[in-house]
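Q:
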Amino acid sequence: MRVTNRGSYQVQCFFCDYWYLIFLVLAGVIFGIWLKANQSNVASPHAPGVETPPPIVGESPYYSTQTMIANPTEEENGSGSSTQSPTLPSLPSDEKPEFIIAFIPIEWNDSVADFESVAIQHYSFFLHESGIEDYFEVDIRFVNQDDSLFAMSDNIVAELILYGTSQVPADRYVGLTTVDMGYEGDYGLAGWTMGDDCQGAISEYFDEEITAHELGHTFGLCDEYSMEAWELQNEHYINNCPNQLDDSCEMDEICFGVVAHDGSNSIMGVAGLIGEYSFNDQCKNALATRFASMMTGSNP
Amino acid sequence: MKIISFPQKITVTWLVSIITIAIMTILPNTLNNPNQWNDLDHSEPMTQETSNLFMDLPDLLVVEVEFFSESSPVIGKISQIDQGRLTPDAVGEAKIEIYDDNNQTLYETTINPIFVFGEPPRLHEQISKIVILPNIPEAQKIIVSYKNWKVEKLIDEN
Numbered sequence: 278m279r280v281t282n283r284g285s286y287q288v289q290c291f292f293c294d295y296w297y298l299i300f301l302v303l304a305g306v307i308f309g310i311w312l313k314a315n316q317s318n319v320a321s322p323h324a325p326g327v328e329t330p331p332p333i334v335g336e337s338p339y340y341s342t343q344t345m346i347a348n349p350t351e352e353e354n355g356s357g358s359s360t361q362s363p364t365l366p367s368l369p370s371d372e373k374p375e376f377i378i379a380f381i382p383i384e385w386n387d388s389v390a391d392f393e394s395v396a397i398q399h400y401s402f403f404l405h406e407s408g409i410e411d412y413f414e415v416d417i418r419f420v421n422q423d424d425s426l427f428a429m430s431d432n433i434v435a436e437l438i439l440y441g442t443s444q445v446p447a448d449r450y451v452g453l454t455t456v457d458m459g460y461e462g463d464y465g466l467a468g469w470t471m472g473d474d475c476q477g478a479i480s481e482y483f484d485e486e487i488t489a490h491e492l493g494h495t496f497g498l499c500d501e502y503s504m505e506a507w508e509l510q511n512e513h514y515i516n517n518c519p520n521q522l523d524d525s526c527e528m529d530e531i532c533f534g535v536v537a538h539d540g541s542n543s544i545m546g547v548a549g550l551i552g553e554y555s556f557n558d559q560c561k562n563a564l565a566t567r568f569a570s571m572m573t574g575s576n577p
Numbered sequence: 002m003k004i005i006s007f008p009q010k011i012t013v014t015w016l017v018s019i020i021t022i023a024i025m026t027i028l029p030n031t032l033n034n035p036n037q038w039n040d041l042d043h044s045e046p047m048t049q050e051t052s053n054l055f056m057d058l059p060d061l062l063v064v065e066v067e068f069f070s071e072s073s074p075v076i077g078k079i080s081q082i083d084q085g086r087l088t089p090d091a092v093g094e095a096k097i098e099i100y101d102d103n104n105q106t107l108y109e110t111t112i113n114p115i116f117v118f119g120e121p122p123r124l125h126e127q128i129s130k131i132v133i134l135p136n137i138p139e140a141q142k143i144i145v146s147y148k149n150w151k152v153e154k155l156i157d158e159n
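In the order they appear, the protein sequences are chains A and B. According to the working numbering, the first sequence holds residues 278 to 577 in order. According to the working numbering, the second sequence holds residues 2 to 159 in order.
Shown next as structure tokens:
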């Protein structure tokens with residue numbers, strides 16, 4: 278009994294004398310959790326012995342305008358309440374990963390200010406139509422022109438990705454050009470990419486739908502303007518074609534593409550039609566599925 | 002009244018202080034950076050699923066790979082960049098692996114060379130792919146496997 282009483286007394290006395298130390302430990306744990314909650318968006322260095330490159334200041338080859346850009350409203354865009362909600366749930370803003378789209382002028386024969394203005398227009402259109410902001414915090418960056426890149430080069434997409442990666446970290450690189458990319462007799466060509474999962478695309482400046490169309494390919498969407506094109510992509514794209522042709526589409530004919538439920542033209546369909554363009558419901562759902570899977574690194 | 006002596010009290014205070022400082026230092030870093038490749042457990046290769054995706058990362062490798070529909074791929078130039086991003090690709094036929102001196106896989110990912118591209122799309126025989134990989138200090142060589150072909154290149158071979 279005495280021993281038990283003595284032990285109990287010792288424990289009581291320990292807490293009386295050292296309560297502040299326990300408080301200190303708890304404060305440390307709470308502080309650690311608080312730090313975690315407030316630093317979750319900070320990228321960290323990785324390889325041992327490798328110093329994090331200093332932040333680029335002054336003559337930066339790129340810069341972000343995220344705070345400058347207001348996403349177009351539905352009224353401004355003219356599409357009304359045309360979009361169907363993606364089938365997958367979106368995340369709260371503070372849990373979204375960052376997705377960066379970098380724009381590169383290729384043989385740009387106008388001012389830098391005009392380039393940036395056009396790039397923002399194309400970027401905003403894609404953001405609004407694709408629904409990518411439901412899954413990512415999207416940012417735009419601009420890259421300075423490299424005079425050694427030519428829009429008509431056979432390997433321009435790979436070249437602009439290489440150049441882009443040397444200048445600015447990004448998840449997609451979009452070249453914009455004032456050059457008419459249509460070969461002689463091929464006036465329909467206004468942009469191209471290297472297909473599903475390609476990190477780059479190039480498009481002519483004059484139409485924001487061109488960039489959205491090419492970026493759509495990089496996320497696995499197929500062409501709806503031609504049965505031959507669609508069937509070729511359906512055979513070779515890893516997940517086949519998630520978007521279908523319109524019912525009236527036939528071989529050796531130009532097809533319009535499946536219209537969105539508000540009647541607007543399909544971005545993956547033929548260009549140059551009268552009226553608004555948007556990703557139709559199948560495209561939107563396919564994009565939503567792709568974005569959601571990319572977030573986990575398990576791109577299907 | 003006091004059962005613990007003064008030297009014991011000093012020792013306990015010192016120990017608890019050290020433990021507290023250690024917790025405050027280690028805990029935030031552990032919680033923030035669960036996937037840093039500097040703390041790799043090399044018993045399992047890192048994959049793109051376990052990498053830091055969608056953030057600017059320092060010190061990466063840019064690898065140019067030419068894929069051919071009917072012949073072995075060719076690993077082109079390997080260059081280092083100060084900053085970049087690991088953007089996930091679709092799970093594909095071609096496997097890219099980074100090996101160390103002991104032929105142990107440090108990192109692996111897959112890409113999908115699709116020979117259909119262009120507007121309108123055509124079937125090509127060759128496609129250039131740009132692959133971004135982590136620049137792991139222990140890395141010795143890169144191996145690209147595609148169909149029945151397997152090619153390798155030393156990272157310092159440029």
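The C-beta atom is built at its ideal place from N, Cα and C for all residues, glycine as well. This structure is a prediction, so every number in the text was calculated from the model and none was measured.
For I378(A), which three-state DSSP category applies?
A: Indexing the first sequence from 1 puts residue 378(A) at position 101. Note: I378(A) maps to strand in three-state DSSP.
Q: Could you check whether the Cβ of I79(B) sits closer than 9 Å to any Cβ belonging to chain A?
A: The residue labelled residue 79(B) in the question sits at position 78 within the second sequence. No - not a single Cβ of chain A is within 9 Å of the one on I79(B).
Q: Quick check: the segment 377-385 of chain A against the segment 442-462 of chain A, are at least 3 beta-carbon pairs closer than 8 Å?
A: yes
Q: Please report the distance separating the alpha-carbon of D60(B) from that of D529(A).
A: Taking the first residue of the second sequence as position 1, residue 60(B) is located at position 59. Taking the first residue of the first sequence as position 1, residue 529(A) is located at position 252. Whole-angstrom Cα-Cα distance: 49 Å.
Q: Just how far apart, CA to CA, sit E436(A) and V66(B)?
A: Within the first sequence, residue 436(A) is the residue found at index 159, counting from 1. Within the second sequence, residue 66(B) is the residue found at index 65, counting from 1. Taking the straight line joining both Cα atoms gives about 13 Å.
Q: Would you say I22(B) lies against chain A (beta-carbon separation less than 9 Å)?
A: Here the question's residue 22(B) lines up with position 21 in the second sequence. Chain A, which has a Cβ nearer than 9 Å to the Cβ of I22(B), makes this yes.
Q: Is it true that the CB of G472(A) sits closer than 9 Å to the CB of Q268(A)?
A: This structure does not reach residue 268(A), given that chain A is present from 278 up to 577, and the question cannot be answered.
Q: Taking the alpha-carbon of L426(A) as reference, which of R418(A), Y440(A), F413(A) and V415(A) has the nearest alpha-carbon?
A: If you number the first sequence from 1, residue 426(A) lands on position 149. For the residues R418(A), Y440(A), F413(A) and V415(A), the minimum Cα distance to L426(A) belongs to Y440(A).
Q: For C532(A), tell me which candidate among G493(A), Y502(A), P374(A) and L303(A) has the shortest Cα-Cα distance.
A: Numbered from its first residue, the first sequence carries residue 532(A) at position 255. Measuring from the Cα of C532(A), the nearest candidate turns out to be Y502(A).
Q: Starting from G452(A), trace the alpha helix (DSSP H) in both directions and tell me its first and last residue.
A: For the purposes of this step, residue 452(A) is taken as the residue at position 175 of the first sequence. Unbroken run through G452(A) is the beta strand (DSSP E), R449 to T454; no alpha helix (DSSP H).
Q: Ignore the nearest five residues each way along the sequence and tell me which others in A396(A)'s own chain have a CB closer than 8 Å to its CB.
A: For this step, residue 396(A) is matched to residue 119 along the first sequence. Correct list, in chain order: F380, I417, F419, V451 and L453.
Q: Mind pulling the chain B residues with CB within less than 7 Å of S503(A)?
A: Counting from one through the first sequence, the residue named residue 503(A) turns up at place 226. The answer, in chain order, is P121.
Q: If we call anything under 9 Å between Cβ atoms a contact, is I97(B) one with E109(B)?
A: Taking the second sequence and counting its residues from 1, the one referred to as residue 97(B) is at position 96. Taking the second sequence and counting its residues from 1, the one referred to as residue 109(B) is at position 108. Yes, these two residues count as a Cβ contact at 9 Å.
Q: From H513(A) to F118(B), what does the alpha carbon distance come to, in whole angstroms?
A: Taking the first sequence and counting its residues from 1, one reaches residue 513(A) at position 236. Taking the second sequence and counting its residues from 1, one reaches residue 118(B) at position 117. Looking at the two C-alpha atoms, the distance is approximately 10 Å.
Q: For D484(A), which residues in the same chain have their Cβ closer than 8 Å to its Cβ, ignoring the five residues on either side in sequence?
A: By 1-based counting over the first sequence, the position of residue 484(A) is 207. Answer for D484(A): A467 and A548, listed in chain order.
Q: Count the other CB atoms, across all protein chains shown, that sit within 10 Å of the CB of L498(A); report buried if there are 16 or more and exposed otherwise.
A: Start at 1 with the first residue of the first sequence, and residue 498(A) comes out as number 221. Buried: at least 16 other Cβ atoms inside 10 Å.
Q: Using three-state DSSP, classify S407(A) as helix, strand or coil.
A: On the first sequence, position 130 is the one that residue 407(A) refers to. Helix.
Q: Could you compute how far the alpha carbon of Y400(A) sits from the alpha carbon of L550(A)?
A: On the first sequence, position 123 is the one that residue 400(A) refers to. On the first sequence, position 273 is the one that residue 550(A) refers to. Going by the C-alpha atoms only, they are around 21 Å apart.
Q: Can you tell me whether DSSP reads G309(A) as helix, strand or coil?
A: Residue mapping note: residue 309(A) aligns to position 32 of the first sequence, counting from 1. It is helical.
Q: Would I438(A) and I131(B) be called neighbours here (beta carbons separated by less than 9 Å)?
A: Numbered from 1 along the first sequence, position 161 holds the residue referred to as residue 438(A). Numbered from 1 along the second sequence, position 130 holds the residue referred to as residue 131(B). Yes, the pair counts as a contact, with Cβ atoms nearer than the cut-off.
Q: Considering only residues of the segment 457-516 of chain A, which uninterrupted alpha helix (DSSP H) runs meet the minimum length of 4 residues and lie entirely inside it, listed in chain order?
A: 485-495 and 504-513
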